[in-house]
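Please read the structure below before turning to the comments.
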Amino acid sequence: MNMEQFKSDIEATLAQAIALPGFSVDDYLDARDESPFDEAWSLAATGVADAAKAQPEETCNEQAAASRSLREWVFRTTAERTGEPELAACVSDDAGLILEASLCGWSSAWIGTLRRCYASHRLPQGDLCA
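For the sequence shown, position 41 matches number 41 in the UniProt record's numbering, and the numbering has no gaps at all.
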């Protein structure tokens, strides 16, 4: 995974969301908490966590450090740009999930679509595989 491109995509996604007339962080967060997004996110997170457990301990530690570093950067960047810590937490969680899936070799259509949302500068929500 090209980390610099991923970070650039996240920055562009945030800029585009903020610029959208009528964009409401509260409405966006509410949409993420509903089915099918919330259920699919949780299922993907479980799959990634299970795959990570199968990795050697040293590999797990390296992957956890990389994820922590990315998550911190994404949280800080999102919070600074939007002033919305809850949005920052969601975007940070997405970034960590995408990176962790890549690092442990776990793939799913849903995570691929989640990544493509950021690549196309859209905040993900709703049914990503529709």
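Here a beta-carbon is modelled for each residue, glycine too, at the ideal position from N, C-alpha and C.
Fair warning: this is a prediction, and the values are worked out from it, not measured in the lab.
- In terms of Cβ geometry, V74 and I10 form a close pair [threshold 8 Å].
- Secondary structure note for Q5: its alpha helix (DSSP H) is the uninterrupted segment M3 to A19.
- A direct Cα-to-Cα measurement between L29 and R116 gives close to 19 Å.
- Proximity to D93 across F23, A15, H121 and I111 peaks at I111, based on C-alpha coordinates.
- Taking the CA atoms as reference points, P36 sits about 27 Å from T77.
- Taking all protein chains in view, the Cβ of C104 is crowded by 16 or more other Cβ atoms within 10 Å, so the residue is classified as buried.
- DSSP places S67 within a helical segment (H, G or I) once states are collapsed to three.
- Cβ neighbours of A40 within its own chain (closer than 7 Å, five residues either side excluded): W110 and L128.
- A95 carries a helical assignment under DSSP once its states are collapsed to helix, strand and coil.
- Here C104 carries a helix assignment [DSSP, helix/strand/coil].
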